[in-house]
Amino acid sequence: MITPKFSCSQTNETVLIKLYVPAIRASDIEIHVEGRLLVVHVNPYFLKLSFPGDVTEDDESSANYDPSNGYLIVTLSKEVKGQDFPDLDLLSKLLAPPKEAVGGGIEVLDPDVEGMVEAASSLRIQDPEIAEAISNDWQLPQIPSSENPFDLSTGRHYGFLDLYTGYFRHVAHVENDVNQLGANAETMSPAERLANREQKEEEKWDEEYYMQAADFVNDEEIVELVNWKADFQEHSSELSPLDEEETQAVLRLPRKEYLISPTQSTSLYLTLISLLFSYCYDSRTTQQDPNPESAWTISILTPSFAALDASPSSLSTVFRASYRRALAYPLYRSWLLCERCRHDVADIMAGGKRKVLRYLLKMKGILDHHEVYYIYSKIWMDDYCVWIQSYASDDVLLDFAKEVRSVAIPKSSIGWDLEALERAALSTRESDSDDESEDEIERMTPSVL
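Per full-length UniProt numbering, the sequence shown starts with residue 1, numbered consecutively.
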């Protein structure tokens with residue numbers, strides 16, 4: 001069955017669902033409503049939504065199909081007139097209802113699924129296969145196997161909530177220039193991944209590049225990139241709705257639900273910051289026109305991609321890792337650019353989960369189109385795009401945005417003597433004016449940011 005393209009809107013009294021189901025017969029449409037559950041079936045399309053509140057079919061309800069454009073418009077009445085149904089624009093949330101965030105990071109059924117199944121079973125569905133599909137939410141039964149009662153594998157888990165393993169089993173035969181764990185990606189412990197990542201960063205760090213070939217001495221290009229106005233810097237109380245391409249990307253996301261502990265939730269927000277930092281860096285250096293190197297840039301700057309390093313414990317550890325990578329690997333290695341990207345992350349997070357979703361989808365699109373690095377979209381971005389819609393909080397994102405904007409990242413925390421290198425570079429730089437001093441960079445930063 002195909003999930004059709006759809007959108008939802010509301011008035012004080014009704015909910016309107018618009019589905020694109022071309023080339024069907026109106027007489028074949030089956031619509032069933034029970035409580036907060038809506039099921040629409042017309043071969044080959046199937047849509048099952050769960051709203052934040054109860055809906056009902058009454059004299060004000062209707063279903064109209066226009067064969068000329070292929071749109072079916074279903075209007076349902078709210079059981080409680082005037083009730084606001086939040087997040088109708090977050091389609092994954094309607095397709096996979098949220099649940100209590102408790103326990104470990106595992107994929108689970110909806111806590112209300114029994115009630116939904118009971119409601120679905122009471123609906124008069126003509127096709128028995130459709131009725132069965134509704135009752136199990138189009139998922140195969142999760143039957144534990146008794147063939148291997150003990151997990152003797154030496155493989156490690158990684159990715160979103162450590163849900164994945166086996167994706168790098170044959171990495172030695174793949175041209176993955178991002179993977180810094182080599183053939184040991186499947187066996188290294190989290191502590192070993194962290195140590196390996198920092199060792200690789202030390203090996204890659206080039207102080208001469210930072211002083212000469214990079215922007216510190218020839219900073220005009222960097223200042224131009226820092227001053228460039230990105231669209232994620234715009235502050236608006238109302239974001240434009242997702243376009244058709246973005247909507248289709250949301251509908252292609254996996255239907256997943258999670259049990260997330262408070263500790264895991266904090267870790268997800270912190271890892272999100274590192275993802276957005278990498279995206280913002282690439283966006284600034286390409287002026288939001290992704291090039292063939294963009295997937296590499298995003299991946300190499302993200303610790304959870306390049307080294308499968310996750311679960312940061314604080315903002316300082318997040319930015320220490322992101323800054324180190326941005327100063328060691330890409331073409332532009334600038335402290336000023338790192339600071340600008342940190343403020344960009346704050347701008348995105350301050351816009352709430354809808355704004356974050358939009359840029360996660362852009363990041364996912366860049367990775368999806370790469371023949372190797374798409375794997376990071378599978379083990380991280382798909383889940384993050386689902387999580388941000390159903391589990392993230394606008395209030396928490398705003399709190400993090402304020403902290404990200406105000407946090408001070410000392411150069412001494414990076415582990416390289418950046419201040420001494422800058423003093424040495426300034427001492428050898430040919431002055432363009434008599435009043436140039438070694439405080440030039442410190443004065444430049446607040447004026448640009």
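Glycine included, every Cβ here is placed at the ideal spot set by N, Cα and C.
Predicted model only: the values in this text are computed from it and were never measured.
Buried or exposed for residue i, please, with buried defined as at least 16 other CB atoms from any protein chain shown within 10 angstroms of its CB.
i           : result
residue 291 : exposed
residue 73  : exposed
residue 233 : exposed
residue 231 : exposed
residue 82  : exposed
residue 34  : buried
residue 347 : buried
residue 186 : buried
residue 390 : buried
residue 366 : buried
residue 324 : buried
residue 268 : buried
residue 58  : exposed
Between residue i and chain B, is any beta-carbon pair separated by less than 8 Å?
i         : result
residue 1 : Among the protein chains of the structure shown there is no chain B, as only one such chain exists.
Leaving out the 5 sequence neighbours to the left and right, which residues in its chain are closer than 7 Å to residue i when beta-carbon positions are compared?
i           : result
residue 253 : 92, 382, 385 and 386
residue 181 : 188, 193, 196, 307 and 308
residue 302 : 274, 275 and 278
residue 286 : 294
residue 15  : 8, 51, 55, 76, 78 and 85
residue 421 : 207, 210 and 211
residue 164 : 157, 158 and 379
residue 271 : 304, 310 and 312
residue 251 : 3, 5 and 91
To the nearest angstrom, how far is the alpha carbon of residue i from that of residue j?
i           : j           : result
residue 257 : residue 54  : 22 Å
residue 229 : residue 37  : 44 Å
residue 21  : residue 249 : 18 Å
residue 410 : residue 223 : 20 Å
residue 380 : residue 159 : 6 Å
residue 336 : residue 220 : 12 Å
residue 235 : residue 280 : 16 Å
residue 393 : residue 265 : 11 Å
residue 67  : residue 31  : 17 Å
residue 88  : residue 40  : 17 Å
residue 313 : residue 304 : 14 Å
residue 172 : residue 377 : 20 Å
residue 428 : residue 322 : 29 Å
residue 338 : residue 326 : 7 Å
residue 310 : residue 3   : 33 Å
residue 226 : residue 282 : 12 Å
residue 418 : residue 191 : 26 Å
residue 388 : residue 363 : 14 Å
residue 261 : residue 65  : 44 Å
residue 203 : residue 330 : 14 Å
residue 320 : residue 299 : 17 Å
I'd like the list of long-range same chain contacts for residue i, defined as Cβ closer than 6 Å, with 5 residues on each side in sequence excluded.
i          : result
residue 56 : 77 and 79
residue 49 : 38 and 94
residue 46 : 1
Go through its chain and collect everything with a Cβ distance to residue i's Cβ below 8 Å, but skip five positions before and after it.
i           : result
residue 459 : With the chain running from 1 to 449 in the structure shown, residue 459 is simply not present.
residue 459 : This structure cannot speak to residue 459, because the chain is shown only from 1 to 449.
residue 44  : 1 and 2
residue 538 : The question about residue 538 has no answer here: the residues shown for the chain are numbered 1 through 449.
residue 316 : 407, 409 and 413
(message) Quick check for students: name the residue ranges of the alpha helix (DSSP H) that lie wholly in the stretch 158-246, counting only runs of 4 or more.
(response) Secondary structure in the stretch 158-246: the alpha helix (DSSP H) runs of 4 residues or longer, each lying completely within the stretch, are 190-204 and 220-227 in chain order.
(message) Any contact between the stretch 169-180 and the stretch 370-379? By contact I mean 3 or more CB pairs, one from each, below 8 Å.
(response) Yes, they touch.
(request) Report yes or no: do the stretch 401-408 and the stretch 337-351 share at least 3 C-beta pairs separated by less than 8 Å? (result) With the cut-off at 8 Å, the stretch 401-408 and the stretch 337-351 touch.
(request) Decide yes or no for the touch test of the stretch 386-397 against the stretch 352-363: beta carbon pairs closer than 8 Å, at least 3 of them. (result) As far as the Cβ criterion goes, the stretch 386-397 touches the stretch 352-363, which means the pair count is three or higher.
(message) What ranges does the alpha helix (DSSP H) occupy inside the stretch 343-374, keeping only unbroken runs of at least 4 residues that lie completely in it?
(response) Look at the stretch 343-374 and you find these whole runs of alpha helix (DSSP H), each 4 residues long or longer: 352-368.
(request) Counting only runs of 4+ residues fully inside the UniProt domain "CS" (1-89), write out the alpha helix (DSSP H) ranges in chain order. (result) Whole alpha helix (DSSP H) segments, 4+ residues: zero.
(message) As an exercise, report each continuous alpha helix (DSSP H) stretch of at least 4 residues that is fully enclosed by the stretch 282-317, in chain order.
(response) For the stretch 282-317, whole alpha helix (DSSP H) runs of length 4 or above, ordered along the chain, are 294-301 and 303-306.
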